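J.:
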Amino acid sequence: MTAVPDKTGALRRLKKRSEFLRAARGNRAGRAAFSLQAIGTETAEPGIGFTVTKKTGNAPERNRIRRRLREAARACAGGFQPRHDYVLVGRREALSQPFGKLVGELCAAIKKIHASTGASPRDKQ
RNA sequence: CCAGUUGACCGGGUGGCCGCUCCGCACGAGGCGACUUUUGCGGGGAGGAAAGUCCGGGCUCCAUCGAAAUACGGUGCCGGCUAACGGCCGGCGGGGGCGACCCCAGGGAAAGUGCCACAGAAAGCAAACUACCCUGCUUCGGCAGGGAAAAGGUGAAAGGGUGCGGUAAGAGCGCACCGCGGACCCGGCAACGGGGACGGCACGGCAAACCCCACCGGGAGCAAGACCAAAUAGGGAUGACGCGGGGCAACCCGGCCGGUUUCGAGGCAGUCAUCCGGGUUGGUUGCAUGAGGCCCCUGGUGACAGGGUUCCCAGAUGAAUGGUCACCACGCGGGAGCGAUCCCGCCCUACAGAACCCGGCUUACAGGUCAACUGGCGUC
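FYI, this note's numbering numbers position 67 of the first sequence as 67, with every residue one higher than the one before it.
1. Once DSSP output is grouped into helix, strand and coil, what is the label at G49?
2. Whole angstroms is fine: what's the gap from G26's alpha carbon to N63's?
3. Going by C-alpha to C-alpha distance, which of G79, R22, A23 sits closest to I110?
4. Between which two residues does the beta strand (DSSP E) holding N27 run?
5. R83 and E42 look like a contact to me (Cβ under 8 Å); what is the Cβ gap, rounded to whole Å?
6. Is there contact here, the region 17 to 25 with the region 54 to 68, by at least three beta-carbon pairs under 8 Å?
7. Just to confirm the assignment, what range does the alpha helix (DSSP H) spanning S18 have?
8. Inspect the beta-carbon positions of T53 and V87 and report whether they are closer than 9 Å.
9. Tell me whether R17 is buried or exposed, calling it buried when 16 or more other Cβ atoms sit within 10 Å of its Cβ.
10. In whole angstroms, what separates the C-alpha of F34 from that of E45?
11. The beta strand (DSSP E) that contains T38, what's its start and end?
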């Protein structure tokens, strides 16, 4: 924990369906335990949302996936860039993967998703 | 000690580090105010099934939902408990088990209609295929008439069973025992149980076939419903006037109203004026003090009821109740030791996540605890 402003409170939580649909049109980076989507937005502070579909498992398993991803996102909070929205789609491997590996893969995925399209992903009009 | 039955209960623990949500308090900031918010402290934060959404309620709205009849649906031994139930408790009857105990859609078949497949001569009212007996005839192979319902065979079921007597052969034809029906008597609130004069036996099963009887039931659901803020009409409220027929008039009749009909009471429909504003999105509320929980006393076989004391015990809404690390229990595997035990490794544990709230039912579930009881074996 080197950076001081990496507090979770700085992360805005996505809540509306339209925000999730917009993020789905952005760039993607897949990993075994999750799939990351990112898109530019007008709000300054970065937004984060979680999606775990019913196909993934029953209710306790889906809760556990979302909670582990949420904690991993908190650990990688410094990597999220301003004026962007992110959506994490959970997969079943997020239940069993060691937490350290999960954090490492998430931080790497954030870097990759920004490197692939340069500094400014496609913005909405 | 082994095997089993029933009931009740638990369903990982402790400690670091970092977080989420709600409530209360304090301080600070903003605001005229209601209030909002930063920080700190204290406290609460998934289940026995939160699940399936199968019943029953509370609550809310639907055009007022009252009465009767009918239709439809549900329930179905008796008594009790409950707000209510298709639930629970206690009995009764039937079936299973050596037993503790378990299981049962268990009202009515002389109110009526219907069905009883296949097989079989015959499937509901008595009848008679083979075989049996008697008489007559005979070409000696049988044929005709009559008797009888014991034997054979079919079936889930064939019109009481067994034995003796009886007879031409037989038959409740007679008798004994068993079974069945049963006026009446006794016990019980009742379901039902016990006895039973008498009756030679008649009255088969199916109501998870229609049906009959008794009782219960309006519909939709918190995305109910109420309010606030943003954006457009086909919407709503109030007031006034008013429609068709009859009558001089007062007045009467007329259309629609949550299965249908009738009755009762009430409402709605047209035009104009005024006022308010829908669908959708976001927010607030409903939204957590309740048929509430622990403990104790009293009554009751029990479900439960009454009284006392004490507690406040989840409220999210892309959805909080967590993430991670260490240790310890528990379990499994391996090794050492006669043994108590010790060491190492693994799983770091089942079913499963509140969504308005209660009472049940059903289904899923690794492992474990306790109590009572039953049947064996052993010891004193």
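Note that the Cβ used here is the ideal one computed from N, Cα and C, for glycine as well. Just so you know, these numbers come straight off a predicted model, no measurement behind them.
T.: Checking against the coordinates, here is how it stands:
1. strand
2. 25 Å
3. G79
4. 27 to 30
5. 7 Å
6. no
7. 17 to 23
8. no
9. exposed
10. 23 Å
11. Note that residue 38 is Ala in the sequence shown here, rather than Thr. Where A38 is concerned, the enclosing beta strand (DSSP E) stretches over 34 to 40.
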